[in-house]
Amino acid sequence: MKDINRRKALGMTAAAVGTSVFSPAYAQSLNKRKIAFTLLFAPGGDVGWDYEHVRGLEQARAAYGDRAQIDAFHEVAEWGNGDKEKFQELVDDGYDMIFTTSAGYMKSTIEVAQANPNVIFESCAGYIRAANVATYNTRWYEGRAVEGFLAATMSKTNRIGYVGAYPIPQVIRGINAAYLAAKSVNPDIVFDIAWLNTWYDYEQEGAVARQMIERGADVLMQHTVSTAVVEAAQEKGIYSFGQGSDMSHYAPDAVMTSMINNWGPYYVQRIGEFLDGTWESKDTWGGLGAQMVAMAPLLETLPSRTVLQAQDVIARLSSGEEHAYTGPVRLQDGSGWLAPGETASDSRLLTMDYYVDGISSVYPSEG
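In this note's numbering, each residue's number is its place in the sequence shown (first place is 1) plus 988.
Below, the structure written as structure tokens:
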């Protein structure tokens, strides 16, 4: 019905303005499918969560610009009804495929998708699928394992500061993976974890990072969006890691590497399938091996032995020879979780709401 109404409206427009609108170029534009991306923040910037999604959708534009109109919509609120209203607005505006690029959009994505079964949705970091809703994410916890190895190797104080956004599974997975990798290098390593309850707050991120440094942290990790944490590390002469993008140009002496979300290949593939009529609802969770996660170049001043060891960790995670979650692993409360040699299933990872044994920080209460 939506497509019929669109054709009817276009026909009325043609009648009103004359037959000149039916030039070959105009006729081709009528056949383009409309694809939308909803993003959290204002446009601009050269790092971060949205930046990598924009890079990805631009790759899709380059691949399918003659077949699809691909648009980005910024500052779509993650909580409340703002996202739901925006998704429905996009449906009403004739968008055939909508990528909702944050975990907080999941509930509204499902609700709007159920009401509009002829529109395709792709839910980033979501875990609820439907016939017209696919889910996708990157296994960035693999990148966190690399960072954890480097953090423990380079720390002299045995104290790592970790600035987290929200205590949700995708963030918890990264903390636990980093800690397990760090502990394998140095059993005495301590993680100082702080929660901000926001993805982006430059001032707060920087303030918390400096407090961690005052408490003795000499390596900082983050699962927040801004560059404040790496800048604090640069200012204080300690090490850090970029989040989601290569942040080394903001802290050239501090950033040992950055975990990069590489969305472009996925967007090119899935939009191509949609345009060709072969799209199917499925869950995609790609890591280093699938090149959906990449590690930025290692800091040149790192010891050569450390560089070689880190490259080996990356290679083993990429090949599947090593899994970031391999037993024996116990939980913070002392209960058994993974037996020796056992690896964590995706279902366990997707619902992770606990710390592993050895993390001394108190697990945050819900809400």
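Idealized CB from N, CA, C, for every residue including glycine.
In this structure, DSSP gives Gln-1210 an extended state, which the three-state scheme calls strand.
Put simply, of Met-1283, Leu-1338 and Ser-1292 the residue whose alpha carbon is nearest the alpha carbon of Val-1134 is Met-1283. For Ala-1166, the uninterrupted alpha helix (DSSP H) run begins and ends at 1157-1173, by DSSP.
For Ala-1242, the closest of Ser-1228, Ser-1233 and Val-1100 by C-alpha to C-alpha distance is Ser-1228.
Within the segment 1239-1264, the runs of alpha helix (DSSP H) at least 4 residues long that lie entirely inside it are, in chain order, 1252-1264. In this structure, DSSP gives Asp-1271 an extended state, which the three-state scheme calls strand. Bridge pairing for Phe-1075: absent [DSSP]. With a cutoff of 8 Å on beta-carbon distance, Gly-1274 and Ile-1248 are scored as not near each other.
Put simply, the segment 1134-1145 does not touch the segment 1095-1111. Fewer than three CB pairs are less than 8 Å apart. As DSSP reads the structure, Lys-1022 sits in a beta bridge with Gln-1057. Just so you know, the alpha carbons of Gly-1260 and Tyr-1052 end up roughly 8 Å apart. Distance from the CA atom of Tyr-1124 to the CA atom of Lys-1270, rounded to whole angstroms, is 8 Å. CA-CA distance, Asp-1234 to Pro-1285, rounds to 9 Å. When Asp-1321, Tyr-1093, Ser-1306 and Gln-1257 are compared, the shortest CA-CA separation from Arg-1127 is found for Ser-1306. Approximately 5 Å separates the beta-carbon atoms of Glu-1130 and Leu-1276; this is inside 8 Å, confirming the contact.
According to DSSP, Arg-1318 shares a beta bridge with Gly-1324.
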